[in-house]
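K.L.:
Sequences listed follow chains H and A, in order. For the record, in the first sequence the residue sitting at position 11 is 11 according to the working numbering, with numbers rising by one throughout. For the record, in the second sequence the residue sitting at position 82 is 82 according to the working numbering, with numbers rising by one throughout. Input: one structure, supplied below.
2 protein chains.
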Amino acid sequence: MKVLGIVGYSGAGKTTLLCALLPLLCARGLRVAAIKATHHDVRWDQPGKDSWRLQEAGAEPVLLAGPKRWYLSRAAAPGDWAAQLATLQPVPDLVLSEGNTDWPVPRLLVHRAALGKPLRRFAGDQVLAVATDAAIETDLPCLDLNDPPSIARFLLTWYGE
Amino acid sequence: MKVLGIVGYSGAGKTTLLCALLPLLCARGLRVAAIKATHHDVRWDQPGKDSWRLQEAGAEPVLLAGPKRWYLSRAAAPGDWAAQLATLQPVPDLVLSEGNTDWPVPRLLVHRAALGKPLRRFAGDQVLAVATDAAIETDLPCLDLNDPPSIARFLLTWYGE
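Here is the structure:
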């Protein structure tokens, strides 16, 4: 299981890029999971629903198993990136992790010129490449943000290494 | 990890009993998970939301990680009770599984007289006891459906065996 972070400023288009890459990577036979970090206190269910009642009563975790999809709700383990990865069942080939800038994994940096911000800096040398829609000054490999197939090819090469 | 099925006709009060038992069992130090089977095609998320978009794009599974809770959405593995149990992270001490009548696990049968139905029958001898609100003819141990603490004590004894 390889893990790649998709990082960049809010509004750079990380989710949109992910949604363009996923079908291209899946078409190559990869089972690709997505992890999305959010600062919102997301709720899975509505107060009064059975699954919500079970959670409120102390069940940990709660699994709601429908005929097409299963939904697991569990308490967060703050900062524990390994625990997030361990939660992934079935185990994928590749994990695309959006917004977890502090994870010790290789990253694809998404940059959009219209945001008017400088290239986001990260400690270490863990940035594989920049996906950008403008010519920028950087020593990093640059990929065309508007050409997801070329980015998918880059990632497949990296995955196969 | 022990697994107990909570079975009975719809309307017998399975979820209500579960919600009464959970705090009692948790107070004894057990980490108790709940699995609820549903015939509804539940949706975790709304069309247009990022996590929904990632799922529609082919990510499998999708983990939405908020500051308090994490939510995992994955494709169902029809009929695969072992796969449902393997999904439970963190691994609990006890799993209370509601409505999965076909699982090869011990069961607590919930019976409510007002439904006007005969005692539900199950193949094999895997029913531990009946939680009922009426005097019924049965060879099975009977527990008072309206006295969750007594049912919790019964389950703790069974758990410790």
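For every residue, glycine included, the Cβ atom is placed at its ideal position computed from N, Cα and C. Just so it is clear, the structure is predicted and the values come from calculations on it, not from any experiment.
Using a 10 Å radius around the Cβ and a threshold of 16 neighbouring Cβ atoms, would you call S10 (chain A) buried or exposed?
P.N.:
exposed
K.L.:
Measuring alpha carbon to alpha carbon, tell me which of A:R74, A:G116, A:L94 and A:D144 ends up nearest P106 (chain A).
P.N.:
Comparing Cα positions, the closest option is A:L94.
K.L.:
If you measure from the beta carbon of D68 (chain H) to each beta carbon in chain A, is any gap under 8 angstroms?
P.N.:
The question names Asp, but residue 68 (chain H) is Lys in the sequence shown. Cβ-Cβ to chain A under 8 angstroms: yes for K68 (chain H).
K.L.:
Tell me which residues share the same chain as L88 (chain A) and place their Cβ nearer than 6 angstroms to its Cβ, disregarding the 5 neighbours each side in the sequence.
P.N.:
A33
K.L.:
If you measure from the beta carbon of I35 (chain A) to each beta carbon in chain H, is any gap under 8 angstroms?
P.N.:
Yes, I35 (chain A) lies at the interface with chain H (some Cβ there is under 8 angstroms from its Cβ).
K.L.:
With DSSP run on the structure shown, which of helix, strand or coil describes I35 (chain A)?
P.N.:
strand
K.L.:
Does the Cβ-Cβ distance between A131 (chain H) and L143 (chain H) come in under 8 angstroms?
P.N.:
yes
K.L.:
Give a yes or no on whether the C-beta atoms belonging to A12 (chain H) and L115 (chain H) are separated by under 8 angstroms.
P.N.:
yes
K.L.:
Cβ atoms of P90 (chain H) and S73 (chain H): under 8 angstroms apart, would you say?
P.N.:
no
K.L.:
So, helix, strand or coil for G8 (chain H), using DSSP?
P.N.:
Correct three-state label for G8 (chain H): coil.
K.L.:
Quick one: measure Cβ to Cβ for L109 (chain A) and R120 (chain A), integer angstroms, because I've assumed they're closer than 8 angstroms.
P.N.:
6 angstroms
K.L.:
What is the residue span of the alpha helix (DSSP H) that W103 (chain A) lies within?
P.N.:
From DSSP, W103 (chain A) is part of no alpha helix (DSSP H); its letter is neither H nor E.
K.L.:
So what does DSSP say about A83 (chain H), is it helix, strand or coil?
P.N.:
Reduced to three states, the DSSP call for A83 (chain H) is helix.
K.L.:
For L208 (chain A), which residues from the same chain have a beta carbon less than 7 angstroms from its beta carbon, with the 5 sequence-adjacent residues on both sides left out?
P.N.:
Residue 208 (chain A) lies beyond the residue range present for chain A, which begins at 1 and ends at 161; the question has no answer from this structure.
K.L.:
Looking at chain H, is there any beta carbon in it that lies within less than 8 angstroms of the beta carbon of G8 (chain A)?
P.N.:
no
K.L.:
Is it buried or exposed for T101 (chain A), if we count other Cβ within 10 angstroms and need 16 for buried?
P.N.:
exposed
K.L.:
Cutting at 6 angstroms between CB atoms, please list the residues of its own chain near Y71 (chain A), excluding the five before and the five after it.
P.N.:
L64
K.L.:
What three-state label does DSSP hand L119 (chain A) in the structure shown?
P.N.:
Three-state result, L119 (chain A): coil.
K.L.:
To the nearest whole angstrom, what separates the beta carbons of I6 (chain A) and E137 (chain A), a pair I think is in contact under 8 angstroms?
P.N.:
Their Cβ separation, rounded to whole angstroms, is 22 angstroms, which puts I6 (chain A) and E137 (chain A) out of contact at 8 angstroms.
K.L.:
Between the C-alpha atoms of A57 (chain H) and G8 (chain A), what's the straight-line distance to the nearest angstrom?
P.N.:
Rounded to whole angstroms, the gap between the alpha carbons of A57 (chain H) and G8 (chain A) is 20 angstroms.
K.L.:
Can you confirm whether V3 (chain A), when its beta carbon is compared against all beta carbons of chain H, has any partner nearer than 8 angstroms?
P.N.:
no
K.L.:
Could you tell me which of A:A82, A:R112 and A:M1 sits nearest to R31 (chain A), measuring between CA atoms?
P.N.:
A:M1
K.L.:
For E161 (chain H), which residues in chain D fall below 8 angstroms Cβ to Cβ?
P.N.:
In the structure shown, chain D cannot be found, because the protein chains are H and A.
K.L.:
Using only CA atoms, which one of A:V3, A:S51 and A:L17 lies nearest to C19 (chain H)?
P.N.:
A:S51
K.L.:
Does DSSP put A165 (chain H) in a helix, a strand or coil?
P.N.:
Here chain H covers residues 1 to 161 and nothing more, so residue 165 (chain H) does not appear.
K.L.:
Using a Cβ-Cβ cutoff of 7 angstroms, what residues of the segment 49-76 of chain A are near chain H? List them in chain order.
P.N.:
D50, S51, R53, L54, A57, G58, A59, E60, P61, V62, L63, L64, A65, G66, P67, K68, R69, W70, Y71, L72, S73, R74, A75 and A76
K.L.:
So which of H:A75, H:K68, H:R53 and H:L25 has the shortest CA-CA distance to H40 (chain A)?
P.N.:
H:K68
K.L.:
In three-state terms, what does DSSP make of L88 (chain H)?
P.N.:
coil
K.L.:
Kindly identify the DSSP beta-bridge partner or partners of S97 (chain H).
P.N.:
H:G5 and H:I35
K.L.:
Check whether chain H comes within 8 angstroms of H39 (chain A), counting only Cβ atoms and requiring the distance to be less than that.
P.N.:
Cβ-Cβ to chain H under 8 angstroms: yes for H39 (chain A).
K.L.:
Could you work out which residue in A:D147, A:A83 and A:T157 is closest to L21 (chain A) when comparing CA atoms only?
P.N.:
Nearest of A:D147, A:A83 and A:T157 to L21 (chain A), Cα basis: A:D147.
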